[in-house]
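Participant: Residue numbers (the numbering used here): 915 to 1615.
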Ligand code: ADP
Ligand code: ZN
Ligand code: ZN
């Protein structure tokens, strides 16, 4: 007698939302078992899925036998399978793609015998329960209160803690309390970037290795070798690893004892996957915590507006508990928050990139042996046109959005409603001929800076040294590390860079941080641009004057300079007083009025084709066909528009925004609409379409 099994395998992304395939097996295998199965001419990894016998998909397939069972591994748990099912459904991808992408790549390549050999490797020395965990720092009153709240309430929690308020110590404390209470409990701690994992791992090892063994802490991120990733995954899956530290991918780690999930810097856009299944690891953390009864702690000094909104008082509908740590502790407290200075660029002569005030401040610092960090607006903001004389901007007459300048056909297009016009010859308000993209041109900035600093000497009589750190300068392996080492070693006096230099690095001698051209983000077609700018500037400000001893020995002061044409903009007012809640409240009011997230829910469909006409035609046809679907009236589908970067390698790209006041309505619509999109694609008039994909809760619009 043989058994029939549903098995999930990796299916091509565009084969539709195919479910599990049916295979035969001589033995009954429990759901979650990893198997090797034939697929076409290949053999591939699959996961036995919990599907009732009568629901098995048997249409038109000859059932082939399972080729092998990875017998040494305990099956994946039901909670893990629920997480994967939910993510696939919510983010509109196939179950197989999400399930298999969530497993370490090497698992796909190993046969049962090879895996058995891996599993037999000698185990590390057992933890020593007689050794006490090294004592952490004595908690401050704020930290103690937060830890008490974490113990008493189910969460989810949003820890709103100033930079330097000691959030990491709270994480360590919460993990330790859990491990000591429950001998099989596991904790997942996520950080937004690979570069941040080594220092975190060091702190966790220092605290937990003496008592729980070095193997109790593992890392999980894409910078590890396939063998390391498999090792970490197996340790988490077997329960041997008590703590998993990782980037967004670690949200899918199999952790049978999971009881605590910490998402540090929860506002960071890196938690959203930007290709394939475009999941948000932060949002999945909240789902997973709720499913598995694990506590979820989101932490940030500048929370995402979504999380801030979710943590409003429960009487107003808030679902997260907000915890506050406003005060900096330890060394950070003495340094204080840097003074924020705004330079009004309207008072500078036309075309000024570096104001004279800023230049002399930078020269003074360098001459005293201090370091300066010059911070560029990151590229890639959709360009909005503005008039230098009267301040006119390319607003959309129909939306609370700015129209984007498309260089290719010299048009202004609203990415929200699609309204399009040719670029006017002159400013519609004052007739000025000089209208230009806002916040443009950073390419030559480094050269200009070199010129301005060319006469400045360091205390040792050497000329000032300028270095640039950005995606281009750090492409080579190890380049970032060596550049950072030069900054730490005092070889660099002025560091120029994009947001890469704002995150986490502890440069002891930086006393001045300057944002040169942040205005582009104030008036962007992307409604999240101000939120990202504020977080970035707060973080950048946190780089100035961190070392209180150095600053006072220098008789110096940490300062953040902002050059802007809009010095009284509420964003900069809030920055000056380091007041995130004021900023968040103003932003949320604007969003509520405009019906933007978190007061509405969005999805973006992107299409690629040889021509814009085909890409947009596909989206518009699918949208029209979607009007028939149940509940379609609750879901607004805007016109297709070209993407901001509309052509890449001769492929034309278009997008369409879909919006609903109800998350459930949007989800219901998208689920039904998949079939419509596939059918539309198959129609002859859309032959030139190359690919399309849905992005649910998109971060970049
Ligand atoms: P955050 O992650 O909130 O920015 P950190 O956890 O990095 O802050 O803590 C900032 C600094 O304060 C660190 O140097 C840390 O060692 C120190 N610190 C944290 N908690 C305490 C405490 N309870 N007592 C003394 N120093 C502390
Ligand atoms: Zn004008
Ligand atoms: Zn519009």
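Glycine included, every Cβ here is placed at the ideal spot set by N, Cα and C.
1. Got a sec? Which residues, its chain only, sit under 6 Å from residue 1569 by beta carbon, not counting five neighbours each side?
2. For the beta strand (DSSP E) that contains residue 1515, what are its first and last residues?
3. Distance, Cα to Cα, residue 1338 vs residue 1117?
4. Helix, strand or coil, according to DSSP, for residue 1569 in the structure here?
5. Could you tell me the alpha carbon to alpha carbon distance between residue 939 and residue 1144, rounded to whole angstroms?
6. Which class does residue 1615 belong to by DSSP, given the choice of helix, strand or coil?
7. I'd like the list of long-range same chain contacts for residue 1053, defined as Cβ closer than 6 Å, with 5 residues on each side in sequence excluded.
8. If residue 1173 and residue 1071 are in contact, beta carbons under 8 Å, what's the gap, nearest whole angstrom?
9. Taking the alpha carbon of residue 1202 as the point to measure from, which residue in 1301, 1191, 1297 and 1101 has its own alpha carbon closest?
10. Quick one: does the C-beta of residue 1115 sit closer than 7 Å to a heavy atom of ligand 1?
11. Taking C-beta to C-beta, are residue 1624 and residue 1150 nearer than 8 Å?
12. Just to confirm my understanding: we take residue 1501, look at its own chain, exclude 5 residues before and 5 after, and list those with CB closer than 7 Å. What are they?
13. Can you tell me the Cα-Cα spacing of residue 1522 and residue 1603, whole angstroms?
14. Under the criterion of a Cβ to heavy atom distance below 7 Å, does residue 1312 qualify as lining ligand 4?
15. Considering residue 1464, what are the terminal residues of the alpha helix (DSSP H) in which it resides?
16. With a 10 Å radius around its C-beta and 16 neighbouring C-beta atoms as the bar for buried, classify residue 1507 as buried or exposed.
17. Look at the Cβ atom of residue 1009, then the Cβ atom of residue 933, and state whether they are nearer than 8 Å.
18. Among the candidates 964, 1324, 1368 and 1328, whose CA atom is the shortest distance from the CA of residue 1441?
19. Measure the Cβ-Cβ separation of residue 1628 and residue 1330 and say whether it is below 8 Å.
20. Could you please give the first and the last residue of the uninterrupted beta strand (DSSP E) stretch that includes residue 957?
21. In chain order, what residues of the same chain have a beta carbon less than 6 Å from the beta carbon of residue 1085, not counting five sequence neighbours either side?
22. Could you check how far apart the C-beta atoms of residue 1333 and residue 1217 are, in whole angstroms? I think they sit under 8 Å.
23. Measuring from the CB of residue 1315, is there a heavy atom of ligand 3 at a distance below 7 Å?
24. Got a sec: does ligand 2 put a non-hydrogen atom nearer than 7 Å to the Cβ of residue 1346?
25. Residues in the same chain with beta-carbon distance under 6 Å from residue 1286, minus the five sequence neighbours each way, listed in chain order, please.
26. Buried or exposed, going by whether 16 or more other CB atoms sit within 10 Å of the CB of residue 1103?
27. Look at the alpha carbon of residue 1411 and the alpha carbon of residue 1034, and state the distance between them as a whole number of angstroms.
28. Can you grab the Cα-Cα spacing for the pair residue 968 / residue 917, in whole Å?
29. Report yes or no: do the segment 1462 to 1481 and the segment 1428 to 1436 share at least 3 C-beta pairs separated by less than 8 Å?
30. Where residue 1064 and residue 1567 are concerned, what is the direct C-alpha to C-alpha distance, given to the nearest angstrom?
31. When you compare the segment 1364 to 1371 with the segment 1306 to 1326, are there three or more beta-carbon pairs, one atom per stretch, that lie closer than 8 Å?
32. Check this for me: beta carbons of residue 1282 and residue 1466, under 8 Å apart or not?
33. By Cβ distance below 8 Å, which residues in the same chain neighbour residue 1077 in space, the five residues on each side in sequence not counted?
34. Residue 1301 bridges to which residues according to DSSP?
35. Leaving out the 5 sequence neighbours to the left and right, which residues in its chain are closer than 6 Å to residue 942 when beta-carbon positions are compared?
36. Could you check whether the Cβ of residue 1303 sits closer than 7 Å to any heavy atom belonging to ligand 2?
Facilitator: Let me spell this out:
1. 1518, 1520 and 1557
2. 1515 to 1523
3. 57 Å
4. Correct three-state label for residue 1569: strand.
5. 27 Å
6. coil
7. none
8. Residue 1173 to residue 1071, Cβ: 14 Å. No contact.
9. The candidate whose alpha carbon is nearest that of residue 1202 is 1101.
10. no
11. The question about residue 1624 has no answer here: the residues shown for the chain are numbered 915 through 1615.
12. 1219, 1444 and 1445
13. Rounded to the nearest whole angstrom, the C-alpha separation of residue 1522 and residue 1603 is 6 Å.
14. Among the ligands modelled here, namely ligand 1, ligand 2 and ligand 3, ligand 4 does not occur.
15. 1462 to 1467
16. exposed
17. yes
18. 1328
19. Any question about residue 1628 goes unanswered here, given that the chain covers just 915 to 1615.
20. DSSP places residue 957 inside the beta strand (DSSP E), whose first and last residues are 956 to 963.
21. 1176
22. With 8 Å as the limit, residue 1333 and residue 1217 do not qualify as a contact, their Cβ atoms being about 33 Å apart.
23. yes
24. yes
25. 1276, 1279, 1408 and 1426
26. buried
27. For residue 1411 and residue 1034, the gap between their C-alpha atoms comes out near 48 Å.
28. 13 Å
29. In short, these stretches touch, since the Cβ pair count reaches three.
30. 46 Å
31. no
32. Residue 1282 places its beta carbon 8 Å or farther from that of residue 1466.
33. 1215, 1242, 1246, 1452, 1453 and 1456
34. 1349
35. Excluding positions up to five away in sequence, the list reads 917.
36. yes
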